[in-house]
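In the order they appear, the protein sequences are chains G and D. Just so it is clear: in the first sequence, position 447 is 447 by full-length UniProt numbering, and no numbers are missing. Just so it is clear: in the second sequence, position 228 is 228 by full-length UniProt numbering, and no numbers are missing. Glycine included, every Cβ here is placed at the ideal spot set by N, Cα and C. Here the structure is a predicted model, which means the values were calculated and not measured. What follows is a set of notes on a single structure, which appears directly below.
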Amino acid sequence: MATFLEFIQQNEDRDGVRFSWNVWPSSRLEATRMVVPVASLFTPLKERPDLPPIQYEPVLCSRTTCRAVLNPLCQVDYRAKLWACNFCYQRNQFPPTYAGISEMNQPAELLPQFSSIEYVVQRGPQMPLIFLYVVDTCMEDEDLQALKESMQMSLSLLPPTALVGLITFGRMVQVHELGCEGISKSYVFRGTKDLSAKQLQVIDKKTIKKPSNPENDWKGERYASRPCQPIEQETVCRKIDMNLTDLLGELQRDPWPVPQGKRPLRSSGVASFYSYFLCVLQCTFPNTGAHILMFIGGPGTQGPGMVVGDELKLPIRSWHDIEKDNANYVKKATKHFEALANRAATTGHVIDIYACALDQTGLLEMKCCPNYTGGYMVMGDSFNTSLFKQTFQRVFTKDMQGQFKMGFGGTLEIKTSREIKISGAIGPCVSLNSKGPCVSENEIGTGGTCQWKICGLNPNTTLALYFEVVNQHNAPIPQGGRGAIQFVTQYQHSSGQRRIRVTTVARNWADAQTQIQNIAASFDQEAAAILMARLAVYRAETEEGPDVLRWLDRQLIRLCQKFGEYHKDDPGSFRFSETFSLYPQFMFHLRRSPFLQVFNNSPDESSYYRHHFMRQDLTQSLIMIQPILYAYSFSGPPEPVLLDSSSILPDRILLMDTFFQILIYHGEPQWRKSGYQDMPEYENFRHLLQAPIDDAQEILHSRFPMPRYIDTEHGGSQARFLLSKVNPSQTHNNMYAWGQVSIQNIVLQVFMDHLKKLAVSSAA
Amino acid sequence: MSVNQQAHAGLPYGQPQPGYQGYQQSGYGGQQMSGVHHSQYGAYNGPLPGYQQPAPPQGYFSSLGFPSKGSPVSLNSDTPTLAPNFIGTLRAPPTSGAPPPTSGASVPAGHPVYSQFGQGDVQNGVATSAVQMQRPSASQPFIPGTAPAPISQPATFRQYGPSPTSAQQLTNHMAGMQIGSSTSAPLPAGLGYGPPTSVPPASGNFTVTGSGLYTSYSSSQGPPPVTMTHGLPPTSLSQGLSLAQPAFSGPPLSAQHRPQAPGFLPPPCSTGIEPSSYPSATGAPRPSTMQGSQLSGQALTGLPTSQPNHVSSPPPHPSMSGPAMTGLQGPPPPTHPSQSGYQMQQNGSFGQVRGPQPNYGSAYPGTPNYGSQPAPPPPPKRLDPDSIPSPIQVIEDDRNNRGSEPFITGVRGQVPPLVTTNFLVKDQGNASPRYIRCTSYNIPCTSDMAKQSQVPLAAVIKPLATLPTDEAPPYLVDHGEPGPIRCNRCKAYMCPFMQFIEGGRRFQCCFCSCVTEVPPHYFQHLDHTGKRVDFYDRPELSLGSYEFLATVSYCKNNKFPNPPAFIFMIDVSYNAVKSGLVRLICEELKSLLDYLPREGNMEESAIRVGFVTYNKVLHFYNVKSSLAQPQMMVVSDVADMFVPLLDGFLVNVNESRTVIVSLLDQIPEMFADTRETETVFAPVIQAGMEALKAAECAGKLFIFHTSLPIAEAPGKLKNRDDRKLINTDKEKTLFQPQTSFYSNLAKDCVAQGCCVDLFLFPNQYLDVATLGVVPYQTGGTIYKYAYFQLETDQERFLNDLRKDVQKEVGFDAVMRVRTSTGIRATDFFGAFYMSNTTDVELAGLDCDKTITVEFRHDDKLSEDSGALLQCALLYTNCAGQRRLRIHNLSLNCCTQLADLYRNCETDTLINFLAKFAYRGVLNNPVKTVRDTLINQCAQILACYRKNCASPSSAGQLILPECMKLLPVYLNCVLKSDVLQPGAEVTTDDRAYIRQLVSSMDVAETNVFFYPRLLPLTKVDVDSDTLPAAIRNSEERLSKGDMYLLENGLNIFVWVGVNVQQGLIQNLFGVSSFNYISSTLNTLPVLENPFSKRVRSIIDMFQAQRSRYMKLIIVKQEDKLEMLFKHFLVEDKSMSGGASYVDFLCHMHKEIRQLLS
């Protein structure tokens, strides 16, 4: 093993796992003193093109409370055909099919390079994919037209076996029946009505009582309700495709007149509600992956999910209103959508929200839908922007096998060695409330369970998992002992197969008193920063904002105290080892980030940013916390520069990637205005101008959601995006003030100084 | 029988009014007197001649005598007993019950009795009685007839007898009559009658009543009153002279008849007398019938003489006389008919007396006979149907007298021609009777008078009535921005009665007398007569009816309305689909949509259309023109109805034609396999209303519905049909809606201007009373096709649908009736909603809808200024234009009751009374309603008798000329399915008819209650004229004829068993009677003049009615004949309704009671 960095990198590449600590303190007490908990970022569907799925099912530990999967860490007795579970130490007989096992003939799951392995479950039917489009029709014709085109585009990308449904809403909610000839049929519901659970049950039972074979049911009743239609077989396929395409083509803007001074009546709440239950009930595919794609052009103004009244003079809630407890609808709507999200999550349906409007649309209230179900949340100004169009297109990205890069209805189960337990998870998941021996009493995030449901998964979906070392101080772990964790992810592959991916990892234990350097050296500051950030954001979502900052600061100070080298009360003596050196800076930017700062952001924006932060992998998350700034100049190849106002120079082209925005800053405008780039003799200048654009395009093409692309220059109004991000090391007080940065922001240097002072303070 | 009839007829005729009673009585007397007759007859004869000439009085007397005679006659029959009976007659009769049977006997007895009767008749006075007697006798035919009659009578009896009940009753009557011993039942009856007169009030229904009637008759007749009556009638008649004579003659005749009929008549009388008893009395009636028959026989004989009067009625008493009649009739009838008819006419209302008159006339001639035959009279006893007022005659008379000249409305208080008369109206300041008809055109000045007379003051208003093509529709007046000129205080609109003063600078309101400035733009100078110079240039100054273009302030929310919309809402549950109804409707709509109503000369209709289908859930359709195919939107949330779409639901037909056609093609396919049987109803209406609300327009829903809405939804109903409730205090609940939900819904609909037309296709009970609430209160129409079958009902339904869709209609209407100070509109009847006491609100109002308004005094009126009505209807026409239609009518006022009675219109009165009664059943037991009705009419007539008819015997029935048909029509109302349901009438039918009648106009109620019956064999294939109608009685049907009967809902073609094969071949295309299929619902199209003519007549009738009538072929003696007989309203009905004759007797009794 070379360096920890390599180790970390290797582990991430292979297993999609990054731990905050790669050597674990061996006792509970020690662990708590580490400040940053033992935790990991785990990407269940980490892309492994080199990992062929295995066409049989995993071998499980026979102990009912364990059921761990056979893995390379298990001890195997080839003669007796026994294997010992490395979690519970149960000795298990190999199944008959493993009769031929030997040291020379090992199944894949025993090979060390297959610490992550994917099984394909052979049993059970192939599940169709279900896509339900839930479309707001209260929008400008232009927007609607663009949206229709996008949807039609997406239809063409769907596999022939997929089922499609369409629901539109405005003042009413309309569930369209697809596949009737000659006449298009839809069910219409009042947008103001919150059907009680009881009413729903009535429908429930009726639907469930239908013939058990859904296929028959499908074709049986000619005009029975069937909001979803398979895009199946060629003829039908084409017809339905045509049908749906026509239908989409004929979608009209919500026709109800909107009086002056009013918002259109929009029933977002009911729509999603219906979409959900209809899909569940009518399709009778309860545990099948389904994507509910909600396209929203404005805030819900009626019905249970309303977030604002229809009077235009009363604006939608702001953070200020919420803090003052002046937002009438927030709680009720949130409750509504939470209930909805929970139901959707339990049945395994993903709710995506694509909200495009200039004003807020109520993402704050609706955020739990995508957050709980692993759906996407996309926010834009209009459906008629490339931001939306390309983002939406990217939802349907396919892999090399031509399958969508998405998994459905996943569950993640975690097994741990005895010395360590699972405290909780933070990410797009809900608890399945599965208690087990490896569940810690100490909850962090969504805890109290060893199983989570992740309805929608994609290769980037990343969960933060927090562990607790439970080994007592007085029960030392034998030298060379390793703690193991097994991640078992079951999900429905977009090909319709059910798959199980098993990742088993182990880390060494170390006595923190004697081997603190080892532990410190194993610190993964990037992972730690993200893990702490998730925790902070999670707290911010559920608790008061300022307290979170204070908590974050305290954690940071404690970490500095623990791992810094310094003389007491001498800030100047403070030194951090390399493995920790970047961590304070991350924290500095995190404090300023929109994930924790709501100032200048609407509640919707906050929700949007947080949503993405909570599900992206480490790299993306880091960019979110600390945007990347590249400088382009004649003096050399592009180089990353400090995210600092001092980096802004008149003769420099800057490319900033904040994840949500890609910004190219051209410095002085005269540069381009002079038109030199068009002269052949200044070709290098043209190249220089082109370089950041090319780089930006590359990012734009790969990122989901597509970032807002900003091309600006000094003095441009859009330059504010840059100015708001950079460290305001220079202010207008400085001589060379290029940026007018808000003074309210603390300067990094000040922050660091202060931190040092506090860290070395003996009073702390 | 015939004799009796004649007698009846005669009496009435002679003394129209008194005649009735007199007749009966006379009849009685007649019988009794029969014996005496001779002498009396002789007297009669005397009188008769007198009659004919100058001696009306005599005639009267004679007539009076008749009655007395009548009774005597009966006495005669039971001579011994009779006498006693006589005195006690009425009462006695019962005891004697048995005796009557021997009609023959009775007859003889009658004579002796006669004298007695005469006594019994009291009123008549002996002399009178004698006279009458004579008359009968005078009608020699009688004598002869009578003589034979006895025999014949018995025969008739038998025939009558057939109906056991009747027999019994007869016996009863007879008994009552007196005769116990007397074998001849008739006689007894007669006797009974006689007695009744005396006793009448006292007791026995039958006998008593009968007698009462008789007596009355006799009295009336007997008493010179006849003359009196004549006098009265004359006024009406106009032909005073003739009247007098006729009357006279009438009386005599009646007298004669009576004499003859007595025996017979009596029974009828008795029966007729007590409505209540009717049912039970049926038996009794029979007797009467029996008598009738006998009478007829006699009458016939006698008639000949008298006939003239009776003419029309001659054959009368069909049922009664039936057999006997035939025999007798044969000869006599013919003569009678002509005669009687004449007299009838002459006499005027009472034509009845006619009998007498004719008799008179004839009697005179016959006198000789009399003299010779006094004896014969005995047989006649019965009230001759021909002698009682004949609707046919009245109609014919009016048609002949008034049909030729235009009715010019310039004069105040003119009584218009009857609704059955074709006439041209020239508007010269008063609204055409096609728009407004009043019960009286002369209003009592004070409420006391009005109360005394009990004549309801009401106007039947049909604001959007369709005019014949040769009359100009109301002119449209556009006053531009300022809008119509109105009185400042009462807001009455400018009309011809406004008085301009101060040189035209101001006008004084004709309603409230308030003086209002004439706006400058409207100012005009007055000529020397005080008229504005532009009088003839402005419709609102010179015409009775005109329209104003409403300004925006007359519109809801101060916004001009959008064009209205039609929404077709089709039940697609299993029943509707299976019966082929859905397909039929869809097919029809494809073409029908091209015929939506248009305004004037517009190229295309402004009306937009929308479509909804439903079963347990509703399906809306988007048929926007830009769509490639229609879109269906299912709304399952019926508990909280809403409209799922706005744009594309209501569309212009031409623009969206392809989509609509595609939709209509697909609807039947889509639901072809449906298994849904449950339906909702209220949500359907709500949906339509919401759709209109969303589109901000008024409109009409066409709902095609098949079953009781039992699906879980608001307005859900349960089956609560319970025939056991009939005739109990709870019967009214059958007419009331099950739940108040629909009333509230209706209120909402009205507020939105949403009119609902309901087409029902029930296979079982579906609670019309409840489902009909909304259509009714929104001014809509209900059509009902029970057991709908495509083959048989298709044409009727489609025609109704076409007519309903195409007819002119106004929406979102408010009607207010303003009146001169002194009277006030207090009550309103019809299909509408009222949220306050003055404004009639109609979501929709079509050209067939009528509103009946009752007026009451709240002050005095003056004869000088008369009384004015102004009906203002604010509505949105089918082009979406807001208009005001104004109808003005001026009426006279009177301080003399006679003026009132002289200017009444019975048809309108009946219209009002029927509506009044039909509304009454909602809150009162049916029996109470019937009694109230009878009582009111009795009071009306009694008041007349008391105050207008000149002195006469109290026993004489005297009817005002204008109201002589009141009893017969009233009887029809009482017998109608609503007030007296038969076993085969369903609860739904009753509720349906109840609502139907409530918005009928006068012409419709007229034919509905008294159907039109035409002899087809008398059709002249070469001319356009229709054969004369005949009266609705089986007696008047001949086996050898075919008849056509229509009542506005059905058309029957009745084929007698002996019809010429040639005719059958011509009309039905089959070789003989037996091959005629009674399941036909149209006549085959055959290329021969007869077939063409008959079909053209039917087509013409269909065109006259607002609904397409169901054609039913009835073969004589076929089972369907029962149904047909139900419409022979002069006969006793299966459900216990009284025959005309019986009812008349009863009325007479009632009147007598009131008078005494």
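Nonlocal neighbours in the same chain, by C-beta distance under 6 Å from residue i, ignoring five residues either side
i                 : result
TYR776 of chain D : ALA831, GLN995
ARG238 of chain G : Here the model assigns ARG238 of chain G a pLDDT of 41, short of 50, so the residue's position is not dependable, and the following value carries that caveat. Nothing listed; no residue qualifies.
CYS356 of chain G : GLY380, SER382, PHE383, PHE388
Residue j beta carbon less than 8 Å from that of residue i
i                 : j                 : result
ALA698 of chain D : ASP846 of chain D : no
VAL515 of chain D : GLN508 of chain D : yes
SER417 of chain G : ALA484 of chain G : yes
LYS807 of chain D : PRO597 of chain D : yes
ASP804 of chain D : ASP757 of chain D : yes
GLU57 of chain G  : TYR133 of chain G : no
First through last residue of the beta strand (DSSP E) which encompasses residue i
i                  : result
TYR1043 of chain D : 1042-1046
PRO692 of chain G  : Run containing PRO692 of chain G: none in the beta strand (DSSP E); it sits in the alpha helix (DSSP H), 683-702.
GLY424 of chain G  : 420-426
One or two residues paired with residue i in a DSSP bridge
i                 : result
HIS611 of chain G : Answer by DSSP bridge pairing: none, since HIS611 of chain G is not bridged.
TYR493 of chain D : D:ARG486
ARG482 of chain G : G:ASN508
TRP256 of chain G : Note: TRP256 of chain G sits in no beta bridge, so no partner.
GLN451 of chain G : G:GLU413
TRP83 of chain G  : G:VAL76, G:ASN92
ASN622 of chain D : D:GLN631
ARG506 of chain D : D:ILE501, D:GLU517
CYS586 of chain D : Answer is none; CYS586 of chain D lacks a bridge partner.
TYR665 of chain G : G:LEU654, G:THR712
TYR119 of chain G : G:ILE54, G:ILE500
Residues near residue i in its chain [Cβ-Cβ closer than 8 Å; skip 5 each side]
i                  : result
SER1072 of chain D : GLN1061, ILE1064
GLU6 of chain G    : none
Residue range of the unbroken alpha helix (DSSP H) whose run includes residue i
i                  : result
ASP988 of chain D  : 987-998
GLY151 of chain G  : The sequence as given places Met at residue 151 of chain G; Gly does not occur at that position. MET151 of chain G -> alpha helix (DSSP H) spans 141-157.
ASN1006 of chain D : 1002-1009
Same chain, Cβ closer than 7 Å to residue i, five either side skipped, listed in chain order
i                 : result
ALA942 of chain D : ILE1151, LEU1154, LEU1155
PHE4 of chain G   : ASN22, ALA521, SER522
ILE322 of chain G : VAL330, PRO603
Kindly provide the ranges of any alpha helix (DSSP H) runs that are 4 or more residues long and lie completely inside the UniProt domain "Sec23/Sec24 beta-sandwich" (810-893) of chain D, ordered along the chain.
The UniProt domain "Sec23/Sec24 beta-sandwich" (810-893) of chain D contains no whole alpha helix (DSSP H) run of 4 or more residues.
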